[in-house]
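S.K.: Line by line, the protein sequences give chains A and B. Just remember that my numbering sits 434 ahead of the position in the first sequence, which is counted from 1. Just remember that my numbering sits 708 ahead of the position in the second sequence, which is counted from 1. Don't be surprised by glycine CBs; every beta carbon is placed ideally from N, CA and C.
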Amino acid sequence: MTIQLREVCKTFGSYTALRNVNLDIADGEFVAILGPSGCGKTTLLRMLAGFEQPTSGEIRMDGEVVAGASSLIPPEKRRIGMVFQHFALWPHMNIHEHVRFPIRTHKKTPKAIRDNEAARIEQVLALVGLSHLAKRMPHELSGGQKQRVAIARAIAAEPSLLLMDEPLSSLDALLRMNMRREIQSVHRETGSAVVYVTHDQGEALSMADRIVVMKEGRIEQIGSPQDIYLKPETEFVAQFVSKANLVRGHWDNDMFIPEGSGSSVQWRGSEVAGYFKSNGLYPVRPDQLELGPVQDGGLVGQVANVQFQGKEFNYDIIAAGQQWEVISPVPYKLNDKVSVTIPQRELQYA
Amino acid sequence: MATSNTSVLKAETGKGGGTFPRSLLSASSIGRYGLLALGAAATFFFFVLPIAKLLLLSVQNEQGFTLSYYTELFRQERFWKVLRHTFVIVLGSTALSMGLGVVAAWLMAYTDLKHKKLLNLLIVLVFVLPSYVLTLSWSSFMGTQGLMASFLHLFDAGAKPWSMYSVGGIIFVMGIHHFPLVYLFTLNVLKKIPRDLEWAAKTGGAGKLKTIAQVTLPLAFPGITAGGLLVFLASLDNFGIPAFLGTPVNISVLSTLIYEEIIGFGPSAFARGASLSVLLGLIAIAGTLLQWFTVRKSKATETTRMDEEPRYALGKARAWVGGTMWGALILITIVPLLSMITLSLRKSYGGKLNWNTLTLDNYRHVLFDNPTIWRAIQNSLTLSLITLAACLVIGTLFAFYRVRKPSKLNKLAELAISIPYTLPGIVFALSMILVWMEPIPGWNPGIYGTTTILLIAYVCRFLVLQIRAGVTAFMQVDASMEEAARISGAGAWTRWKAILLPLLLPGILGGGLLVFLTALTELTVSALLYSSGTQTIGVTIFGFEQAGKTLYSTALSSLIVLFIFVGAGLLQLLQKGFARKGGRN
Chain A
435 MTIQLREVCK TFGSYTALRN VNLDIADGEF VAILGPSGCG KTTLLRMLAG
485 FEQPTSGEIR MDGEVVAGAS SLIPPEKRRI GMVFQHFALW PHMNIHEHVR
535 FPIRTHKKTP KAIRDNEAAR IEQVLALVGL SHLAKRMPHE LSGGQKQRVA
585 IARAIAAEPS LLLMDEPLSS LDALLRMNMR REIQSVHRET GSAVVYVTHD
635 QGEALSMADR IVVMKEGRIE QIGSPQDIYL KPETEFVAQF VSKANLVRGH
685 WDNDMFIPEG SGSSVQWRGS EVAGYFKSNG LYPVRPDQLE LGPVQDGGLV
735 GQVANVQFQG KEFNYDIIAA GQQWEVISPV PYKLNDKVSV TIPQRELQYA
Chain B
709 MATSNTSVLK AETGKGGGTF PRSLLSASSI GRYGLLALGA AATFFFFVLP
759 IAKLLLLSVQ NEQGFTLSYY TELFRQERFW KVLRHTFVIV LGSTALSMGL
809 GVVAAWLMAY TDLKHKKLLN LLIVLVFVLP SYVLTLSWSS FMGTQGLMAS
859 FLHLFDAGAK PWSMYSVGGI IFVMGIHHFP LVYLFTLNVL KKIPRDLEWA
909 AKTGGAGKLK TIAQVTLPLA FPGITAGGLL VFLASLDNFG IPAFLGTPVN
959 ISVLSTLIYE EIIGFGPSAF ARGASLSVLL GLIAIAGTLL QWFTVRKSKA
1009 TETTRMDEEP RYALGKARAW VGGTMWGALI LITIVPLLSM ITLSLRKSYG
1059 GKLNWNTLTL DNYRHVLFDN PTIWRAIQNS LTLSLITLAA CLVIGTLFAF
1109 YRVRKPSKLN KLAELAISIP YTLPGIVFAL SMILVWMEPI PGWNPGIYGT
1159 TTILLIAYVC RFLVLQIRAG VTAFMQVDAS MEEAARISGA GAWTRWKAIL
1209 LPLLLPGILG GGLLVFLTAL TELTVSALLY SSGTQTIGVT IFGFEQAGKT
1259 LYSTALSSLI VLFIFVGAGL LQLLQKGFAR KGGRN
């Protein structure tokens, strides 16, 4: 299913949840909508589902207007699957009944599926690895199993769009990593478009074909995971997604001179977005900076805090009157003096 | 797979005719506003207008507006005496309820007592019984023919039990009848106090008693106060207990005084009743406001989970604490009930009690010999069934909108709907008479004195009970349950049938049973609104009691008790059935 959002706005009373959102989603694409809580990402998702109506603007699915200021096709008439944040399983139905419900209820279930209901249920349960639990009730399942049921129910009637509302946020850390793989495989198997809402940049970066970063009801940046991570276009994206330090200084064409370094230090930055160049900023990710002995030259800084992380250390470094986060495998002690450099092999990606 | 799907989808959505045309949408919104206006008008007519009429009547005579009814009232010695009695009885019974309720709640919430479920049931039973049934039980238990007298005679042949027909007796019965309210409120609050707060106090060096006094009680205080105020209101409202125990010995409280005024007729009886009602209503409203205020203050702990695990091990004391609790509960309910039932099986009030004198004559008379009583039973059954049906439908739908689409308007409507239940029953009954004699100037629908006015009154008064049960039930069903069904293609009908009703039914039916039983045994409102041919069970028992036919009143009351036990048993079975089908998430 292809989806177009044109100038979509949504207000709740005096609160504006979405401002002029424009977005195109291609058939079969996996799009992650990423942002902090209150950025409007859930409102956007609920609008795609049909639970909310735009205040202005319109939404088209496969070229047809499904929602505008004066019209709305309700969720039950769209062919959509949705996975809810807290699973939303029905406590009085077993797993088999959960998967059967949309197949029987949805008027637009393809005839092939409706005619082979039992086979389809078995197929979907096998896909999420729950075949052996078909008779269980929701309260007899673990969190991960509940989420698999929710996914199975969402894809049972073969929707051409699958919406996911922070589906992993109620699971614990290890399970989250495993479920990412499951969701990717569901996306590959079904081939339906996926819109995935999350506040976790790791989930968005690892699974999505494209990421939409939102802030305060506006789209900040749209791009591939690499684009978003390596070439942020706004301060917000740089900090929220790449966890970048915003180093103050001034630009001389493609060369950046950090504040307080004299002009002995120059960083190359041909790929840095125009916004930062015009504001005298250089976004540097903690893993981009390299620490070395003072005699290496470069900016000299001091270790203000150390956190051992296993394979590396997280440092707070004070240099040139600013504080930066740096990730480095080299051990230093508190108050050590270090040199901070950016190796020139940076900014290469496929 | 995806490409073939989308093409199918395109064809289908094309056929289905995508969006709603603009005109259709605005037409439906006109319909919506029409419904809204209708609802608002009905709410005003049924719930607000009666009170307005009552107020108006109390300040109006032939000459126009006047406060003469009030000034006349304040001059009467009798009014002040009644007011004194009212306050002594209400405050005394509230204090008794709070003492019993808090102790019971603490034991049930925090200690490792055995058989808590049964104990809980026994406590709630005291409140579920109609107050006049409890009164009759106690008056037969403590009467000259009762079990207590036989017990005392073992020690002293001339001993007489304490008379229930006194201010003390009224306070006692009212106190035990209402203590479950404090108990339930406090139990909830206590269970929600996080255990670690108590641990923190203990690691800070506070002993057991100090922890209870400085941490547990202050945190529970708003809940206890709210429960106490609820009991205060219930005691003000109560008509059955003072009417059964006070009227025969000339002790009146405000609610029975209003009844006597209206029944006594005479010139300006309605106006005097109305002014008394306004005074009683004002006290009740003040109490309600205070109660809201304290409940709101206690909201801070609302989000914490209930902690069902015991916190204090009673150790060796468990046996005797448990024993005392069982003994006390059995003594205040089961023993008096048995006493009432044995009384109802006697041939005559003064006769000796042995197997030969036991008889079912009283039941035969009540059920078969007397067509008026049979008529009353039929009336009550019909009325409570229709009330149940009306409340189930209206209450559930209203609760749905109240929870899913909260707005200022439906909040206001809920407030209006709760008026008839908040006001003392006798006040509400009088306002019903006033409004239905001539609802709109020049139009008398002629329903005063028919079962219709009783039906309207019952539905208006008990609707809020069903709404509250419905609201609680809906709050437990997350909106995402419905949304998941919508996404799965379910329209409104399927959503209610397959998702909402199965999930809501236990809660809604619990509320429904409460409405049904309350309506079935209703006395206060019916006492003012009935006329010949439209008696109810409550009114009939009241009549027997006034006429001194104790054997009949106890027989009919015993039947009610049987009915309540059967009803409660059915509900238990039903809820067990649901629990087996699928526990809550």
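(1) Could you tell me the distance, in whole angstroms, from the CA atom of B:Thr964 to the CA atom of B:Phe947?
(2) For a contact defined as C-beta to C-beta under 8 Å, what are the partners of B:Met1189 on chain E?
(3) How would you write the range of the alpha helix (DSSP H) that B:Asp945 sits in, first residue to last?
(4) Mind reading off the beta-carbon distance from A:Ala483 to A:Ile514? Whole number of angstroms is fine, and I expect it under 8 Å.
(5) Mind listing, in chain order, the continuous alpha helix (DSSP H) runs of no fewer than 4 residues lying wholly within the segment 605-651 of chain A?
(6) Mind checking the segment 483-507 of chain A against chain B and listing, in chain order, the residues whose C-beta falls within less than 9 Å of any C-beta there?
(7) Which chain B residues are close to A:Pro601, counting only those with a beta carbon under 7 Å from its beta carbon?
(8) With three or more C-beta pairs closer than 8 Å as the rule, is the segment 771-778 of chain B touching the segment 1135-1151 of chain B?
(9) For A:Ile514, decide whether its Cβ has a neighbour in chain B, counting only Cβ atoms nearer than 8 Å.
(10) Please look up how many angstroms separate the CB atoms of B:Thr894 and B:Ala928, rounded, as I've assumed it's under 8 Å.
(11) Under a CB-based cut-off of 8 Å, is B:Ser731 close to chain A?
(12) According to DSSP, is B:Ala914 part of a helix, a strand, or is it coil?
(13) Which runs of the alpha helix (DSSP H) spanning at least 4 residues fall entirely within the segment 697-770 of chain A, listed in chain order?
(14) Would you say A:Thr445 faces chain B, with C-beta separation under 8 Å as the test?
(15) Measure the alpha-carbon distance for A:Asn748 versus A:Trp758 and round it to whole angstroms.
(16) Counting only beta-carbon separations shorter than 8 Å, does B:Pro1210 have a partner in chain A?
(17) Using the beta-carbon count (16 or more within 10 Å), is A:Asn769 buried or exposed?
(18) At 8 Å on the CB atoms, spell out the chain A contacts of B:Arg1112, in chain order.
(19) Skipping 5 residues on each side, what residues in its chain have a beta carbon closer than 7 Å to that of B:Arg730?
(20) So, helix, strand or coil for A:Asp473, using DSSP?
(21) According to DSSP, A:Ile459 sits in a beta bridge with which residue or residues?
(22) Alpha carbon to alpha carbon, how far is A:Leu564 from A:Ala522?
(23) Have a look at B:Phe863 and B:Thr1229 and give me their C-alpha separation to the nearest angstrom.
(24) According to DSSP, simplified to helix, strand and coil, what is A:Phe690?
(25) On the three-state DSSP scale, how would you describe B:Glu770?
(26) Going by DSSP, what residues sit across from A:Arg682 in a beta bridge?
(27) Applying a beta-carbon distance threshold of less than 8 Å, which residues of chain B neighbour A:Glu441?
(28) Give every residue of the same chain whose Cβ lies closer than 6 Å to the Cβ of A:Thr445, excluding the five residues on either side of it in the sequence, and list them in chain order.
(29) Does the beta-carbon of A:Ala546 have 16 or more other beta-carbons within 10 angstroms, so that it is buried, or is it exposed?
(30) Take B:Arg786 as the anchor and find which of B:Leu804, B:Leu938 and B:Ser960 has the nearest alpha-carbon.
(31) What do you get for A:Tyr449, buried or exposed, if any count of 16 or more other CB atoms within 10 angstroms of its CB means buried?
(32) First and last residue of the beta strand (DSSP E) that includes A:Phe464?
(33) Using 10 angstroms around the beta-carbon of B:Ala1187, count the other beta-carbons present and answer buried if the total reaches 16, otherwise exposed.
(34) So, is the C-beta of B:Ser1115 closer than 8 Å to a C-beta in chain A?
(35) From what residue to what residue does the alpha helix (DSSP H) around B:Ile1013 run?
(36) Under three-state DSSP, which class holds A:Leu596?
M.R.: According to the structure data:
(1) 6 Å
(2) Structure shown: chain E not included; protein chains present are A and B.
(3) Leu925 to Asp945
(4) Between A:Ile514 and A:Ala483 the Cβ distance is about 6 Å, and since that is below 8 Å, they are a contact.
(5) The segment 605-651 of chain A contains these whole alpha helix (DSSP H) runs: 607-624 and 635-641.
(6) Ala483, Gly484, Phe485, Met495, Asp496, Gly497, Glu498, Val499, Val500, Ala501, Gly502, Ser504, Ser505, Leu506 and Ile507
(7) Those do not exist, as A:Pro601 stays about 12 Å from chain B at its closest Cβ, beyond 7 Å.
(8) Touching, no.
(9) Chain B, which has a Cβ nearer than 8 Å to the Cβ of A:Ile514, makes this yes.
(10) 6 Å
(11) Residue placement at B:Ser731 cannot be trusted, given a pLDDT of 43 that sits under 50; what the coordinates show is reported in the next sentence. B:Ser731 does not count as touching chain A.
(12) coil
(13) 708-712
(14) no
(15) 10 Å
(16) It does: the Cβ of B:Pro1210 has a partner Cβ on chain A nearer than 8 Å.
(17) By the 10 Å Cβ count, A:Asn769 comes out exposed.
(18) Simply none; closest approach about 12 Å.
(19) At B:Arg730 the pLDDT is 43, less than 50, meaning the model places this residue with poor confidence; the figure from the coordinates comes in the next sentence. The beta carbon of B:Arg730 lies closer than 7 Å to none in the same chain, with the five residues before and after it left out.
(20) Here the sequence assigns Cys to residue 473 of chain A, which means Asp is not the residue at that position. Of the three classes helix, strand and coil, the one that applies to A:Cys473 here is coil, per DSSP.
(21) A:Ile437
(22) 17 Å
(23) Rounded to the nearest whole angstrom, the C-alpha separation of B:Phe863 and B:Thr1229 is 39 Å.
(24) strand
(25) For B:Glu770, the secondary structure class from DSSP, reduced to helix, strand or coil, is coil.
(26) A:Leu715, per the DSSP bridge assignment.
(27) None at all; the shortest Cβ gap to chain B is about 17 Å.
(28) Thr489
(29) exposed
(30) B:Ser960
(31) exposed
(32) Segment Phe464 to Leu468, the beta strand (DSSP E) holding A:Phe464.
(33) exposed
(34) no
(35) Going by the sequence as given, residue 1013 of chain B is Arg instead of Ile. Taken as a continuous stretch (DSSP letters only), B:Arg1013 belongs to no alpha helix (DSSP H), as it is neither H nor E.
(36) In this structure, DSSP gives A:Leu596 an extended state, which the three-state scheme calls strand.
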